[in-house]
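S.K.:
In this note's numbering, the protein residues as written are 24 to 655.
1) Would you call the stretch 158 to 170 and the stretch 135 to 142 touching, i.e. three or more CB-CB distances under 8 Å?
2) Who are the Cβ neighbours of residue 87 in its own chain at under 6 Å, not counting the five residues just before and after it?
3) Tell me which same chain residues have a C-beta within less than 6 Å of the C-beta of residue 265, skipping the five on either side of it?
4) Can you have a look at residue 338 and say buried or exposed, based on whether 16 or more other CB atoms are within 10 angstroms of its CB?
5) Whole angstroms is fine: what's the gap from residue 561's alpha carbon to residue 551's?
6) State the start and end residues of the unbroken beta strand (DSSP E) segment that holds residue 518.
7) Please classify residue 518 as buried or exposed, where buried requires at least 16 other C-beta atoms within 10 Å of its C-beta.
8) State the DSSP-derived secondary structure class of residue 261, mapped to helix, strand or coil.
9) Please say whether residue 93 and residue 66 have beta carbons closer to each other than 8 Å?
10) Alpha carbon to alpha carbon, what distance is there between residue 378 and residue 301?
11) Contact between the stretch 401 to 414 and the stretch 362 to 375: three or more CB pairs below 8 Å?
12) Whole angstroms are fine: how far does the CA of residue 105 sit from the CA of residue 120?
13) Rounded to whole angstroms, what is the Cα-Cα separation between residue 75 and residue 115?
14) Going along the chain, which unbroken runs of the alpha helix (DSSP H) with 4 or more residues stay wholly within the stretch 200 to 262?
15) For residue 170, write down the residues that DSSP places opposite it in a beta bridge.
16) Find out if the Cβ-Cβ distance for the pair residue 589, residue 581 is shorter than 8 Å.
17) Tell whether a beta-carbon distance below 8 Å holds between residue 281 and residue 252.
18) Look at the Cβ atom of residue 325, then the Cβ atom of residue 278, and state whether they are nearer than 8 Å.
19) Tell me whether residue 343 sits in a helix, a strand or coil according to DSSP, three-state version.
20) Kindly list the residues whose CB is nearer than 6 Å to the CB of residue 118, restricted to its own chain and excluding five residues on each side of it in sequence; keep chain order.
21) Taking the beta carbon of residue 368 as the centre, do at least 16 other beta carbons fall within 10 Å, making it buried, or is it exposed?
22) Can we say the stretch 176 to 186 touches the stretch 107 to 114, given the rule of at least three CB pairs closer than 8 Å?
23) What residues in its chain sit with their C-beta under 7 Å from that of residue 91, if we drop five residues either side in the sequence?
24) In terms of residues, what are the limits of the beta strand (DSSP E) holding residue 573?
25) Alpha carbon to alpha carbon, how far is residue 217 from residue 78?
26) Do the stretch 611 to 621 and the stretch 555 to 574 meet, that is, are 3 or more Cβ pairs less than 8 Å apart?
27) Along the beta strand (DSSP E) that carries residue 84, what are the first and last residues, could you check?
28) How many Å lie between residue 438 and residue 409 at the Cα?
29) In whole angstroms, what separates the C-alpha of residue 577 from that of residue 542?
30) Using DSSP's beta-bridge definition, name the partner residues of residue 534.
31) Provide the residue(s) that pair with residue 420 in DSSP beta bridges, ordered along the chain.
32) Does DSSP put residue 616 in a helix, in a strand, or in coil?
33) Measure the alpha-carbon distance for residue 271 versus residue 285 and round it to whole angstroms.
34) Along the chain, where does the alpha helix (DSSP H) containing residue 149 start, and where does it finish?
35) With C-beta atoms as the reference, is residue 85 less than 8 Å away from residue 142?
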């Protein structure tokens, strides 16, 4: 790495004296040539090197990747390589160690023949039409006229279509370089005309090496653990990592210390995360909650704690199958050593169960208004699950529950082991019926798990109606209308004379999913926020079962009022297309269709509701007066 500016202050004090001339690290140490891009992007550099050496230079390139991996910087370096010229070399090359005539201007984005355009602010066909008109002219001073279009996926459909012909057969002196973070939004017709390069996320180890090199040049002391934290938080983005590093330097007063970085990022100590993991796998709820409370009081974000816990779970699982993963320099010594210990002692089924529960628990904490309480509930579930057997162990215990002679095996104690020292469990006694007669015990087949059932004495009086017992009151009658659709809920409102709730459901509720005991819905604008809770209470009262009514982000079906309006419009459209109705409307100028009603026959009345009867037409002129019906 080397400085791209005219001067390179070597100490923080020198940077401070420059005042407003200070440049952030992400700009100051921006890569200038392909040797700098070798950090994490070796496949792309190798492909371009071979292409330039053999003269197989494409007319268009598509660079894609997450934010901060170097798409725009790579486009400028590529433009510099295409227009490289020195007194000794006058051809495209990837060997850019000696600055050429156009290099400085291109890297600073001010060269007249290298046009950079942001598609986010130039999305229309007029901007592309301007490019199409300019490509016919040769470059002013460089070898190629290079168009760099950033965030190309934001171009409109018309703009993409207008660019296709020029992109496929551009003049020999024109090259296109596109950059995007949303490659799936780029039309396939454009992708097929470009050479595509996927810029990979930069690994945490490479980021740590990059940060170390930069801080050595800046003369800033740093702890290895702090750099590992910044590298993990960057998530593969060099620009994000350098921005965080700038913040860490300022936060630490000219040095990068693990404790200050941890506080800046809202992280928990990695060693304490490992301690929390140990309490969970041991099933110690009290210790786990105490450790979490201590981390929370120290400033750790509950969501970050659970995320770090999931990361360590994933790391431990990787150690089981990839022992060399412990050589990652971004890992702390605690993670490396104790991760190996847990990998040897914790079963994969347990790790997988912890991982699945964390994946479900993290969004719950993120969406909760009480994140600390929600995180504690997740930890309680995790520690409780530590005592549960795996599915294989549960099946094995169930199989051992009955021996081959049909006798009941010893019952396991709470620790999962059979009660060896306790008295043997006697076989089930023959039950006795209500009259005192001994009943024969059911025969238990041998060779597999069997449910141990016993006959229940019949204590029901002879005069008791069927379905009733002395102790239990009469069950609540089942509603006349089964709840299978939103219309059924409206019918329940009608039966129970709740006109207000019926009107709210018809106007503001869009059904997403309905099953017994659960209703997922989406509310339209104007609906009261108390409607889901009120609806859940009413459904439980009317149906006798508990209902979960939740709001969904999905679009859902139209409201009942919208569905009625759509059906009415469809009937009107069908009526206008009927030749008899068309003839009537032509016969009486000014007549119009106001409604369409379907008249059913007497035979259908028992099976079909009597829907409104036939099309009506009103006329302002002629013999038909307003309100007269025309039956079809």
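Quick reminder that beta carbons are idealized off the backbone N, C-alpha and C, glycines included.
M.R.: This is what the structure gives:
1) yes
2) 203, 206, 221
3) 48, 49
4) buried
5) 16 Å
6) Looking at the DSSP string, residue 518 is not in any beta strand (DSSP E); the run it does join, the alpha helix (DSSP H), is 509 to 518.
7) exposed
8) helix
9) no
10) 14 Å
11) yes
12) 14 Å
13) 7 Å
14) 211 to 214, 227 to 241, 247 to 257
15) 138, 199
16) yes
17) yes
18) no
19) helix
20) none
21) exposed
22) no
23) 260, 261, 262, 263
24) 571 to 574
25) 17 Å
26) no
27) 83 to 87
28) Residue placement at residue 438 is flagged as unreliable, the pLDDT there being 39, under the threshold of 50; the coordinate-derived value follows with that caveat. Answer to the nearest angstrom: the Cα atoms are 12 Å apart.
29) 13 Å
30) 544
31) In the DSSP output, where bridge partners are listed per residue, residue 420 has none listed.
32) strand
33) 10 Å
34) 148 to 157
35) no
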